[in-house]
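S.K.:
2 protein chains.
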Amino acid sequence: MNVLVIGANGQVGKKVVKELANSNHKATAMVRKEEQIDKLKEIGADNVVLANLEEDFSSAFDGVDAVIFAAGSGGSTGADKTMTVDLYGSIKAVDYAKEKGVKRFVQLSAVGSSNPDEQDEKIKHYMVAKGVADRHLQQTDLDYTIVRPGPLSNNEAKGEIKISPEFTDIGDESIPRVDVAHILVDVLDRNNTYKKTFEVIQGEKEVGEVLGAL
Amino acid sequence: MNVLVIGANGQVGKKVVKELANSNHKATAMVRKEEQIDKLKEIGADNVVLANLEEDFSSAFDGVDAVIFAAGSGGSTGADKTMTVDLYGSIKAVDYAKEKGVKRFVQLSAVGSSNPDEQDEKIKHYMVAKGVADRHLQQTDLDYTIVRPGPLSNNEAKGEIKISPEFTDIGDESIPRVDVAHILVDVLDRNNTYKKTFEVIQGEKEVGEVLGAL
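What follows is the structure, given as structure tokens:
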């Protein structure tokens, strides 16, 4: 499949592109700045499209078979960007996928987005953005998978995870970004993950085994 | 009807409570702070409930026949509050109305919320919040009416308006808050406004005539 990676220049996004380069799929990396093109090609993107999540980016969906939405405005900008990028960027991506007949949609979300009111004051608005975007996707008839990792680390791949529809308490658990990127790509071909939303942290079982049993 | 006014202490909310006091309805004013109770009763609320939009406020819906959502975090707080109050507050209110069988839901929105990407950078996130909240309401089977006024003024009531599903350009037009409050209350009993969304600015035709012809 030709997979559109939205947020390809992000911390998880770049790892997703690398994973796709080592898979049976092709990566179309969507980035905002021209100077990011070469780097994305270098790490394995078959194609790079220039588009801005805060504008109309529907043209990025032409010729695409699946979408991985891994965009986030990050911690260095304000909550206004969380609204226009994390939330509205996802909503528009889902709408474009519907319009253009791209059925497969994998969304990177976060543990905590199912219950924003119970989160720490500092991240509550972020969890609202992710949770509302997820709900919008869940209400479509797309073949979606929503992956909600716990706190992300830059540790090296562990390759072993634990999942749940919703953990009651993840304690201090986290998950390496590289494992999250692997999951986002690994689920693409698994139709048992269609219409499913799950939380994931590192664990003791091999990724393929866990996802296969979903 | 017993009408729950969410955001009753706001600039439009207080005027809504006053309008309700002069109507055949009763106002249940929802406010956040105890010191706001007396004032709301003074201006005509039959009942005041203490609840916080950033928490679970479902109990405010008990015994209620209709909702007017007029809450907004305002300009003095950050975009994080726009997310948790303007957006998520409305989404939760709609969910509670569904759960508790409150069918009639009137929402105060804003001109510009139908196309956030075309708005000025400073208000874009606000328009996303309003637009996404409106979409959530539109996808329910509630008897909703979404009222999207142009820029609000504190001018005295004009009582004459102009409406459109979506104006192409409202120029410098505005509308007095008191007229908006009147509209939010006036539509309650008009079942020709069910499942409708419209923009409104001041105009040349009397409010009742315009709303009756919707």
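Protein chains in written order, with UniProt numbering: chain A, 1 to 214; chain B, 1 to 214.
Even for Gly, the Cβ is constructed at its ideal location relative to N, Cα and C.
Can you check which of these residues, V187(A), L214(A), S164(A), is closest to S23(A) by C-alpha distance?
M.R.: V187(A)
S.K.: Quick one: which chain B residues come within Cβ less than 8 Å of residue 220(A)?
M.R.: As displayed, chain A neither begins before 1 nor continues past 214, which places residue 220(A) out of reach and without an answer.
S.K.: Could you give the DSSP three-state label for Y194(A): helix, strand or coil?
M.R.: coil
S.K.: Over what stretch of residues does the beta strand (DSSP E) that includes S164(B) continue unbroken?
M.R.: 160 to 164
S.K.: Would you please verify whether the beta carbon of K14(A) is less than 7 Å from any beta carbon of chain B?
M.R.: no
S.K.: Buried or exposed: where does N154(B) fall if 16 or more other Cβ atoms within 10 Å of its Cβ makes it buried?
M.R.: exposed
S.K.: Answer with buried or exposed for G150(B), where buried requires no fewer than 16 other C-beta atoms within 10 angstroms of its C-beta.
M.R.: buried
S.K.: Taking only runs of the beta strand (DSSP E) that begin and end inside the segment 35 to 77 of chain A, which ones reach a length of at least 3 residues, in chain order?
M.R.: 47 to 50, 66 to 69
S.K.: Should V64(B) and N2(B) be called a contact, given that it needs their Cβ atoms to be closer than 7 Å?
M.R.: yes
S.K.: What is the C-beta distance between F198(A) and I163(A), in whole angstroms, given that I count them as a contact (C-beta under 8 Å)?
M.R.: 5 Å
S.K.: Check the Cβ of K124(B) against every Cβ in chain A and list those closer than 9 Å, keeping chain order.
M.R.: Chain-order list of chain A residues neighbouring K124(B): E54, D80, M83, T84, Y88, by C-beta distance under 9 Å.
S.K.: From E121(A) to G112(A), what distance separates their C-alpha atoms?
M.R.: 12 Å
S.K.: For M30(B), write down the residues that DSSP places opposite it in a beta bridge.
M.R.: M30(B) is bridged by DSSP to I6(B), V49(B).
S.K.: When the distance is taken between beta carbons, is V185(B) closer than 7 Å to L20(B)?
M.R.: Going by C-beta atoms, L20(B) is nearer than 7 Å to V185(B).
S.K.: Using a 10 Å radius around the Cβ and a threshold of 16 neighbouring Cβ atoms, would you call D80(A) buried or exposed?
M.R.: buried
S.K.: Can you list the beta strand (DSSP E) stretches of 3 or more residues lying completely in the segment 129 to 176 of chain B, in chain order?
M.R.: 143 to 149, 160 to 164
S.K.: Relative to the C-alpha of V16(B), which candidate in D62(B), V31(B), I68(B) has its C-alpha closest?
M.R.: Nearest C-alpha to V16(B): I68(B).
S.K.: With A51(B) and L108(B) assumed to form a contact (beta carbons below 8 Å), what rounded beta-carbon distance in angstroms separates them?
M.R.: With a Cβ gap of about 18 Å, A51(B) and L108(B) do not count as contacting.
S.K.: Name, going along the chain, the residues of the segment 106 to 121 of chain A whose beta-carbon falls closer than 9 Å to a beta-carbon of chain B.
M.R.: For the segment 106 to 121 of chain A, which is checked against every Cβ of chain B, the residues closer than 9 Å are P116, D117, E121.
S.K.: Please report the distance separating the alpha-carbon of I146(B) from that of E55(B).
M.R.: Their backbone Cα atoms lie some 24 Å apart in a straight line.
S.K.: Once the 5 residues before and after H125(A) are set aside, which same chain residues still bring their CB inside 7 Å of it?
M.R.: A79, T82
S.K.: Answer yes or no: do V85(B) and L53(B) have a C-beta to C-beta separation smaller than 7 Å?
M.R.: Yes, Cβ-Cβ distance for V85(B) and L53(B) is below 7 Å.
S.K.: Quick check on this structure: which residue in I201(B), E204(B), H182(B) has the alpha carbon closest to the alpha carbon of V106(B)?
M.R.: H182(B)
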